[in-house]
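J.: There's a structure below that I have some questions on.
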Amino acid sequence: MSEATAMGDNEQRQARRLALNLLKVFTTYRLPGELNRWKVGGGTQTQSKIYTQYGVKQGGYTLVDLYTNYRISQNLDATLNINNVFDKRHYSVILGTDSGNFFGEPRNYMLTARYRF
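Counting from 721, one number per residue, gives the positions in the sequence shown under my numbering.
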């Protein structure tokens, strides 16, 4: 968890282009017993509003990610990640009206295989 403040002319004492509050949590769990080849997990990122001195604003938001992993053999495993599960539209960067504002990634999936030699 982080907190950012700035001393200056803005009455909220919030640093521009930075969320006042930001919390990121991610956890994984290996299933017990005969299901121990599986790991599941998830994470969240929550942040408060951000703004620029040029009037660009974004309200607070929460993103949710999910994760599962299957150990196929001692050397091979497969992992599926689902990022931004609820497809929340948000800015990853806000700069100003003429500098560019960039949307964060929409919902996306990533399937990977890893082999250990």
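The C-beta atom is built at its ideal place from N, Cα and C for all residues, glycine as well.
The structure presented is a predicted model; accordingly, all values stated were derived computationally and were not measured.
Just grab the DSSP bridge partners of Lys744 for me.
T.: Gln765
J.: For Ala833, does the count of other Cβ atoms within 10 angstroms reach 16, so buried, or fall short, so exposed?
T.: exposed
J.: Between Tyr835 and Gly824, is the Cβ-Cβ spacing less than 9 Å?
T.: no
J.: Would you mind giving the Cβ-Cβ distance between Asn803 and Arg827, rounded to the nearest angstrom? I have them listed as a contact below 8 Å.
T.: 7 Å
J.: For the beta strand (DSSP E) that contains Ser797, what are its first and last residues?
T.: Just to set this straight, residue 797 is Asp in the shown sequence, not Ser. DSSP places Asp797 inside the beta strand (DSSP E), whose first and last residues are Leu796 to Asn803.
J.: Starting from the C-beta of Leu751, find all residues in its chain whose C-beta is less than 6 Å away, skip the five residues before and the five after it, and write them out in chain order.
T.: Trp758.
J.: On a CA-only basis, which of Glu754, Leu742, Gly761 and Lys744 is nearest Thr799? Give me that one, please.
T.: Gly761
J.: Bridge partners for Val776 per DSSP, in chain order?
T.: According to DSSP, which records beta bridges pairwise, Val776 is partnered with nothing at all.
J.: Determine the direct distance from the alpha carbon of Ile770 to that of Lys777, and round the result to whole angstroms.
T.: Straight-line Cα distance between these residues: approximately 6 Å.
J.: With H, G and I counted as helix, E and B as strand and the rest as coil, what does DSSP make of Leu755?
T.: helix
J.: When you compare only the Cα positions, how much space is there between Gly820 and Val805?
T.: Gly820 and Val805: Cα-Cα distance of roughly 26 Å.
J.: Is Phe806 helix, strand or coil when you go by DSSP?
T.: In the displayed model, Phe806 falls within coil according to three-state DSSP, outside both helix and strand.
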